[in-house]
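*Asks:* To start, I am sharing the structure in question, which I have written as structure tokens.
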Amino acid sequence: MTTISEMLAQNARLYPDDIALVELIPSQSIRREITWKQFDERANRIANALQDKGIGKDDKVMHWIMNSINWLAAYFGIIRTGAWTVPLNFRFTSRDLKYCADIAEARAMLLGEEFVDRVDAVRSQLSTIQYYILDGNKPPGNMDSLEDLIKNSSPSTTGVELSGEDECGLYFTSGTTGDPK
């Protein structure tokens with residue numbers, strides 16, 4: 125059985141220079157493109173950086189980044205370590221974050237700049253999260269910069285063996301009628 129991680133790697137081998145993803149932000153006149161090879165290598169760099177932090181098989185990593193190329197690269201990077209990704213809804217409050225973090229017992233969190241205040245409001249109560257990694261330009265002193273972590277990490281595969289039987293995600297509902305489920 126082919127895993128989604130293997131599908132990405134296969135596309136990188138077969139279509140290395142073809143555009144894999146296009147990100148548009150019309151209000152800022154931004155257009156970003158990434159090839160299959162670049163996408164695969166970025167996911168590997170994230171995975172290797174997470175492994176350097178001790179993240180591995182069956183760990184949980186909170187994933188709170190707005191929809192973007194970086195969201196997808198982080199998603200694949202997390203699962204390539206053998207860890208579970210725990211994507212969070214952008215509408216979640218600090219209380220929702222704590223609720224989900226308590227259930228997931230995550231060891232790390234990748235987050236976007238727009239979520240720093242919500243994380244900081246409950247950070248002292250997030251007892252299992254050891255590493256906070258910011259996808260953004262100016263990480264607070266108590267967080268690592270994603271770009272700084274991956275700039276020296278390897279673009280090669282992690283060597284983690286994954287199968288179709290490995291769990292890779294823990295998803296919560298939006299919690300519109302109560303706590304996330």
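Residue numbers (my numbering): 125 to 305. Even glycine gets a Cβ: it sits at the ideal position worked out from N, Cα and C.
#1: Return the residue from the list Thr-209, Thr-205 and Asn-261 that minimises the CA-CA distance to Val-185.
#2: Short of 7 Å in beta carbon distance, which residues of its chain neighbour Asn-194, apart from the five on each side in sequence? Order them along the chain.
#3: Candidates Gly-206, Pro-211 and Phe-163: which alpha carbon is nearest Glu-285's?
#4: Would DSSP call Trp-144 helix, strand or coil?
#5: Skipping 5 residues on each side, what residues in its chain have a beta carbon closer than 8 Å to that of Ala-133?
#6: Quick one: what's got a C-beta closer than 6 Å to Tyr-255's C-beta in the same chain, skipping five residues either side?
#7: Taking the straight line between their C-alpha atoms, what separation do you get for Leu-148 and Leu-196?
#8: What are the uninterrupted segments assigned as alpha helix (DSSP H) that are 4 or more residues long and contained completely in the segment 176-245, given in chain order?
*Replies:* With the given structure in hand:
#1: Cα-wise, what sits closest to Val-185 is Thr-209.
#2: The residues are Asp-259.
#3: Among Gly-206, Pro-211 and Phe-163, the Cα nearest to that of Glu-285 is on Gly-206.
#4: Residue identity check: residue 144 is Ala in the sequence provided, not Trp. Strand, per DSSP.
#5: The residues are Asp-164 and Thr-281.
#6: The residues are Lys-177 and Ala-232.
#7: A straight-line Cα-Cα distance of about 14 Å links Leu-148 and Leu-196.
#8: List check, alpha helix (DSSP H) in window: 193-204 and 218-228.
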